[in-house]
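Protein chains in written order, with the numbering used here: chain A, 1 to 304; chain B, 1 to 326. Heads up, the beta-carbon is just placed ideally off N, CA and C, and yes, glycines get one too.
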Amino acid sequence: MKKNITLSVKDLKKKIGRKEIIKGLSFDLREGEVFGFLGPNGAGKTTTIRMLVGLIKPTSGTIHIGGYNIEAQFSEAMKNLGCIVENPELYPFLSGYNNLLHFARMLEGIGEERIHEVTKLAGLTERIHDKVKTYSLGMRQRLGIAQALLGNPKVLILDEPTNGLDPAGIREMREFIRFLAEKEGLSVLVSSHLLSEIQQLCDRVAIISKGRIITTDTVENLLSNRERVQWVMNPSEKGKQVLRELTKVEEREDGTVLTEFDEQGTPLWNKRLVEAGVSVLEMNRKMPVLEDLFLELTGGETID
Amino acid sequence: MTKLVQNEMLKLIAKKRLIVIGIIIGVLVILFTYAQYKETETQRKKLGTSDWRTILQQQIVDTTNRLSSSRISDEWKKQLQISLQQKQYYLDHDINPAEPGAPTFIRIFLENSIDLFIPLMVMVIASDLVSSEHSMGTVKLLLTRPVKRWKILLSKYITLCLAVSLIIAIAGILSYLISGTVFGYKGWGAPILTGFNITDEGLSTSDVRLLSLWEFLLMDLGLVWFVAIVVGTLSFMLSVLIRSTAAGMGVMLAALISGAILSNMVSSWESAKYFFMVNLRLTDYMKGSAPPIEGMNLSFSMMVLLVWWAAALIVSFVVFTKRDVY
């Protein structure tokens, strides 16, 4: 059974001047999933996110959050949304508590109780009455998330949530996001230009480049379609020749050979190799990293 | 809406702007009080008497002497003549034009601060009300909450109006309390003249009426408040349009100062009277001094300011609600 769709984007476009920056994006977010938005800097991630949260008006296309159109029913749609766009920028001259109070006042029916709840959830209880300018980046990030969670949203949008965090902070953030999705049932949209982060964090990924979604799929599917077998053979040259006749072969610098993984084909190829007098020293199934995938999909467009 | 205004107030107070403004006003009032005190003292010494009639008489003689000099411009001559007629009127009717006391000090203070000092203080608050949210990046949080953009801007505007009223109240109260220690707290009922009309023939005294000083002060305060709101709204608009607080302040400051300079030299450039900055000295109309450009009067200036105010407000709201935020 499919879970409820919480955020739905249809044919979203944005033109700035004559230049089309976003060229028709469509995707859905479901309850309880972490959705990754992956692309190089300048691919249109931030512009898209700003359209999702209502900061930028789309040129065409529709966005529904919790079933409400964000242009026609802005307030209702925004009640279902919590977000951090880029850095968690809060008022540095106010205390953490006053910051939360400030944003709670902008929501209906959110009182002190909920402020305490999110403070605890973000692990900020001890420092909540200190001024935000004395906070570390990690704490600001957590306060930002506490703020985003104030209104019990269904959708959480986080733009580069681990930007500028140290490795411990990144792990903590990752666990927190997984917790929110799995235990609290939130849909979380995370954007990143870091492939490893998305791979570890997300259930599904949309890969975006130059304003278009190249592909949307689960992380598993994306990776398993592109599983590889790494061969180490002796004699190597002869082995390569045999394999080349059977399938597409990719030679690596270290003398090993990569072919695609095919449940029927691979054992057969092995048999052929043995018949040809080539001894197979190693056969490794390799899960590709998103890095390779990305390069493959975008045709080598650089990501930094 | 109350909650939103509460939010803006929370931020305004946390930024300690009002305290700084209070201190600035306090320091300036002390300076002016001392200056005023010195001035009265030197005049007293010069004339060897503290009798205001003698002082006024002396001033009239001075002015007449200056008028007879051939080197002064026609413009200046006209103004001197008007002031001369006015002084003569005071003397003839046995009215002390500068009845000493705190209320008179407030009047002088307000009249002199209406076109630069009070607008400057208002600007300190108005110019970063919106642009600071941009520079801090908090605007992204503010605009992604389930509150419509125009409501957010309106809450900021209401806060501005409250702050402006507060600044003027602070200016009034501080100047009363501080100057009172030197000049005494009496003099609310002193008579003061108003209703001078500048016509082509010079000063027309046909509509001149006597008012108690407190009534006159109330009108002065109202005019100062009106000017402050207009200037505040204009800086508010700049704060919406220009994301950098410093740039917004610079533009507004340039406009205000150019107004002060223009008033002294635009008498022949008639269309300059539609600039808001040459129309700020509303209290001068109450005293009956000549306007910088012929044809200007109280209602004209107020209309001009009102148009600027409305335009600024419309621009602010349209831009703020429509604009893409990056």
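**OP:** May I ask which residues mark the beginning and end of the alpha helix (DSSP H) holding residue 73 of chain A?
**Re:** That residue, residue 73 of chain A, is in no alpha helix (DSSP H); it is neither H nor E in DSSP.
Original post:
According to the neighbour-count rule (16 or more other Cβ atoms, all chains shown, within 10 Å of its Cβ), is residue 74 of chain B buried or exposed?
Top reply: With fewer than 16 other Cβ atoms within 10 Å, it is exposed.
Original post:
Is the stretch 287–295 of chain B in contact with the stretch 238–257 of chain B, if contact means three or more CB pairs nearer than 8 Å?
Top reply: Segments in contact, no.
Subject >> Residue(s) in a DSSP beta bridge with residue 231 of chain A >> reply: According to DSSP, which records beta bridges pairwise, residue 231 of chain A is partnered with A:257 and A:283.
**OP:** Consider the Cβ of residue 286 of chain B: report whether some Cβ of chain A lies at a distance smaller than 8 Å.
**Re:** No, no contact with chain A.
Original post:
Is the stretch 117–125 of chain A touching the stretch 136–152 of chain A, taking contact as three or more C-beta pairs under 8 Å?
Top reply: The stretch 117–125 of chain A makes contact with the stretch 136–152 of chain A; the number of CB pairs closer than 8 Å reaches 3 or more.
**OP:** With DSSP as the reference, label residue 116 of chain A as helix, strand or coil.
**Re:** Residue 116 of chain A: helix per DSSP, three-state reduction.
**OP:** Take residue 165 of chain A as the anchor and find which of A:295, A:227, A:151 and A:197 has the nearest alpha-carbon.
**Re:** Minimum Cα distance to residue 165 of chain A is reached at A:197.
Original post:
CA-CA distance, residue 4 of chain A and residue 27 of chain A?
Top reply: Using only the alpha carbons, I get a separation of about 14 Å.
Original post:
For chain B, is any of its Cβ atoms less than 8 Å away from the one on residue 105 of chain A?
Top reply: Interface residue, yes.
Subject >> For residue 123 of chain B and residue 219 of chain B, believed in contact at Cβ under 8 Å, the rounded distance >> reply: The pair is not a contact, with the Cβ atoms about 24 Å apart (cut-off 8 Å).
Subject >> Backbone secondary structure at residue 191 of chain A - three-state DSSP >> reply: Three-state result, residue 191 of chain A: strand.
Subject >> Cβ separation of residue 298 of chain B and residue 114 of chain B, assumed to be a contact under 8 Å, to the nearest whole Å >> reply: Contact doesn't hold; Cβ gap of about 13 Å is too wide.
Original post:
Among residues of its own chain, excluding the 5 on either side of residue 142 of chain B, which ones have a beta-carbon nearer than 8 Å to its beta-carbon?
Top reply: Hits under 8 Å: 133 and 152.
Original post:
Quick one: any contact between the stretch 195–212 of chain A and the stretch 16–31 of chain A, if contact means 3 or more CB pairs under 8 Å?
Top reply: With a cut-off of 8 Å, the stretch 16–31 of chain A and the stretch 195–212 of chain A count as touching, because enough Cβ pairs lie within range.
Original post:
Can a CB atom of chain A be found closer than 8 Å to the CB of residue 137 of chain B?
Top reply: Closer than 8 Å: yes.
Original post:
Run through DSSP, which three-state label would residue 28 of chain A get?
Top reply: In this structure, residue 28 of chain A counts as strand in the three-state DSSP scheme.
Original post:
Is the CB of residue 156 of chain B under 8 Å away from at least one CB in chain A?
Top reply: With 8 Å as the cut-off, residue 156 of chain B does not count as an interface residue toward chain A.
Original post:
First and last residue of the beta strand (DSSP E) that includes residue 202 of chain A?
Top reply: It is not in any beta strand (DSSP E) - residue 202 of chain A carries neither H nor E in the DSSP assignment.
**OP:** Classify residue 138 of chain B as buried or exposed, calling it buried when 16 or more other Cβ atoms lie within 10 Å of its own Cβ.
**Re:** With 16 or more other Cβ atoms within 10 Å, it is buried.
Original post:
alpha helix (DSSP H) containing residue 266 of chain B: first to last residue?
Top reply: Neither: residue 266 of chain B is in no alpha helix (DSSP H) and is coded neither H nor E.
**OP:** Return the chain-ordered list of same chain residues with a C-beta closer than 7 Å to the C-beta of residue 274 of chain B, the five sequence neighbours on each side being excluded.
**Re:** Result list for residue 274 of chain B: 304, in chain order.
Subject >> For residue 113 of chain B, three-class secondary structure by DSSP >> reply: It is helical.
**OP:** With DSSP as the reference, label residue 276 of chain B as helix, strand or coil.
**Re:** Reduced to three states, the DSSP call for residue 276 of chain B is coil.
Original post:
Which residues does DSSP pair with residue 365 of chain B in a beta bridge?
Top reply: With chain B running from 1 to 326 in the structure shown, residue 365 of chain B is simply not present.
Original post:
Looking at chain A, which residues of the stretch 143–176 of chain B have a Cβ within less than 7 Å of any of its Cβ atoms?
Top reply: Per Cβ criterion, the list reads 143, 144, 145, 146, 147 and 148.
Original post:
How should residue 391 of chain A be labelled, buried or exposed, when 16 other C-beta atoms within 10 angstroms of its C-beta is the threshold for buried?
Top reply: This structure does not reach residue 391 of chain A, given that chain A is present from 1 up to 304, and the question cannot be answered.
Subject >> Pick from A:18, A:39 and A:16 that is closest to residue 295 of chain A, judged by C-alpha positions >> reply: Closest option to residue 295 of chain A, judged by alpha-carbon separation, among A:18, A:39 and A:16: A:39.
**OP:** Out of A:10, A:11, A:17 and A:149, point me to the one whose CA is closest to residue 324 of chain B's CA.
**Re:** Minimum Cα distance to residue 324 of chain B is reached at A:17.
**OP:** Please go through the same chain and pick out, in chain order, the residues whose beta-carbon is closer than 6 Å to the beta-carbon of residue 231 of chain B, but skip the five residues on each side of it.
**Re:** For residue 231 of chain B, the CB contacts under 6 Å within the same chain, skipping 5 residues up- and downstream, are 119 and 122 in chain order.
**OP:** Can you say whether residue 125 of chain B is buried or exposed, counting buried as having 16 or more other CB atoms within 10 angstroms of its CB?
**Re:** Residue 125 of chain B comes out buried.
Original post:
On the premise that residue 242 of chain A lies in contact with residue 278 of chain A, defined as a C-beta separation below 8 Å, what is that separation, rounded to the nearest angstrom?
Top reply: That belief holds up - the Cβ atoms of residue 278 of chain A and residue 242 of chain A are roughly 6 Å apart, short of 8 Å.
**OP:** On a CA-only basis, which of A:161, A:162, A:173 and A:187 is nearest residue 155 of chain A? Give me that one, please.
**Re:** When only C-alpha atoms are compared, the closest one is A:187.
Original post:
Exposed or buried, residue 1 of chain B, counting other C-beta atoms within 10 Å across all chains shown (16 or more means buried)?
Top reply: It is exposed - the Cβ of residue 1 of chain B has fewer than 16 other Cβ atoms within 10 Å.
**OP:** Rounded to whole angstroms, what's the CA-CA distance from residue 212 of chain B to residue 188 of chain B? Just pull it up for me.
**Re:** Residue 212 of chain B and residue 188 of chain B: Cα-Cα distance of roughly 7 Å.
Subject >> Candidates A:29, A:15 and A:227: closest to residue 285 of chain A by CA position >> reply: If we check each option's Cα against that of residue 285 of chain A, A:227 comes out closest.
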